[in-house]
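Here is the structure we will look at, set down as structure tokens.
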């Protein structure tokens, strides 16, 4: 029996469409010295997101009013969730300390002396938000209740675990990300035009 080449292509394309196609994930790396206050990561993230939206086409900016199609987040989730968890529980320790005390595979910053911003667009942005909701809702950490008596440490360990689970869920998107390096915020104009 001979297969018609047209049918073969159609069935092949159909199977591709059933797989997530991560083509809307980018990493923009910017040196700390490019920011006025590099220690305030929330401020840096807002600034980068605002600059990228500003430099995208006017049509994209117009559509953003009605539909969020860009999501900007600094570093990998396990790194930021761990830092934020320790900060909110007033634990003045490093990510390395938390990693060794919890046994969790918490990521380091992607690059020393740089902030790395994950920019998610289109379906990738929707997938990130879906994963955050799902992982936050479903992550339990009973081993930390047994391991620690300090409620701050329990809360921090659970938050770090959520970040680790998000990293696992996002692994394919992380690997498919296109990486851009810029030396200053003005260079975001060129990057923004390549972000689809």
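Residue numbers (our numbering): 295 to 490. Using N, Cα and C, we set each Cβ at its ideal position, and we do this for glycine too.
Can you give the beta carbon distance from residue i to residue j, rounded, assuming they're within the 8 Å contact cut?
i	j	result
residue 438	residue 448	5 Å
residue 486	residue 349	4 Å
residue 415	residue 490	6 Å
Would you list the residues sitting across from residue i in a DSSP beta bridge?
i	result
residue 472	320
residue 373	The partner list for residue 373 (beta bridge, DSSP) is empty, contrary to what the question assumes.
residue 443	Answer is none; residue 443 lacks a bridge partner.
residue 364	415
residue 409	324
Comparing alpha-carbon positions, which option in the options lies nearest residue i?
i	options	result
residue 364	391, 413 and 429	413
residue 495	458, 482, 470 and 321	Any property of residue 495 remains undetermined from this structure, which presents the chain solely from 295 to 490.
residue 432	442, 409 and 460	460
residue 399	327, 462, 475 and 335	462
residue 473	381, 435, 411 and 380	411
residue 335	408, 441, 389 and 387	408
residue 430	349, 329 and 372	372
residue 327	484, 479, 486 and 488	479
residue 442	349, 392 and 350	392
residue 434	444, 457 and 416	457
residue 324	382, 380, 436 and 404	404
residue 386	436, 488, 329 and 446	446
residue 383	444, 428 and 394	444
residue 436	477, 396, 402 and 475	396
residue 428	475, 402, 464 and 394	464
Using the beta-carbon count (16 or more within 10 Å), is residue i buried or exposed?
i	result
residue 466	exposed
residue 337	exposed
residue 496	With the chain running from 295 to 490 in the structure shown, residue 496 is simply not present.
residue 469	exposed
residue 406	exposed
residue 370	buried
residue 440	exposed
residue 330	exposed
Please tell me whether residue i has its Cβ less than 7 Å away from any Cβ of chain C.
i	result
residue 385	No chain C is part of this structure, which consists of one protein chain only.
- prompt: With contact counted as at least three CB pairs below 8 Å, one residue from each stretch, are the region 328-347 and the region 418-425 in contact?
  reply: No, the region 328-347 does not touch the region 418-425.
- prompt: Counting pairs of Cβ atoms below 8 Å between the region 374-392 and the region 449-458, do you hit three or more?
  reply: Yes, the region 374-392 touches the region 449-458.
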